[in-house]
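Undergrad: Each residue of the sequence shown is one higher than the one before, starting from 1 at the first, in the working numbering.
The structure's right below; bear with me while I get my questions together.
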Amino acid sequence: MCSNRPNVYADIGAPLAPALTAKPLWFTEQMCKFLALAPSDRLCWGSDMMVVPAGQELIEAFWNWQVPPVYQKGYGIQPLTSDDKKKIMGRTFAKLIGLDPDKVLEKIRNDSFSKKKSAKVKQFLTKANAAR
């Protein structure tokens, strides 16, 4: 549907995202099927991850996930770049609702929630933001 309808996007929410760590082969198969039909900027990370106990673990697992070479060849798809993953993790959705992701990130950089980030989250964000 996403491949031929410009206003349709897919959500990696429950049950797909939790499968990333619980059933990684199934997750890989589903993601590769999607990526073979539609570009990565038609995919949004589900906001329901806030209620999943392992939310940060899933975010990091997705960031570290990559299209395996056998799937790249079999489905004719490219590996996901850091920019692709950033779009999936929020940039695409921000634009859909009329927000400039860079302006929003700058505005919240030192807000009260940002100051409460755990060391693990800060370390992950440093790594993710450095990736190009």
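From the three backbone atoms N, C-alpha and C, an ideal C-beta is built for every residue, glycine too.
#1: Based on Cα-Cα distance, which residue from Val121, Lys85 and Lys117 lies nearest to Arg42?
#2: Helix, strand or coil: which one does DSSP assign to Ile12?
#3: For a test of your reading of the model: does the CB of Asp102 fall under 7 Å from any non-hydrogen atom of the ligand MN? Yes or no.
#4: Leu125 to Thr92, Cα distance in whole Å?
#5: Measuring straight from C-alpha to C-alpha, what distance separates Asn4 and Leu37?
#6: Counting pairs of beta carbons, one from the segment 52-72 and one from the segment 100-114, are three or more of them closer than 8 Å?
#7: Return helix, strand or coil for Trp65, following the three-state DSSP convention.
#8: For Phe27, which residues from the same chain have a beta carbon less than 7 Å from its beta carbon, with the 5 sequence-adjacent residues on both sides left out?
#9: Sort out for me which residues DSSP pairs Trp45 with in a bridge.
#10: Alpha carbon to alpha carbon, what distance is there between Gly74 and Trp45?
#11: So, helix, strand or coil for Arg5, using DSSP?
TA: In short:
#1: When only C-alpha atoms are compared, the closest one is Lys85.
#2: Three-state result, Ile12: strand.
#3: The model on display carries no ligand, and the ligand MN is accordingly not part of it.
#4: Those two C-alpha atoms are separated by around 18 Å.
#5: Pairing Asn4 with Leu37, the inter-Cα distance amounts to about 9 Å.
#6: No, the segment 52-72 is not in contact with the segment 100-114.
#7: In this structure, Trp65 counts as coil in the three-state DSSP scheme.
#8: Hits under 7 Å: Leu16, Ala19 and Leu20.
#9: DSSP lists Ile12 as partners of Trp45.
#10: Here the C-alpha atom of Trp45 lies approximately 25 Å from the C-alpha atom of Gly74.
#11: If DSSP states are grouped into helix, strand and coil, Arg5 belongs with coil.
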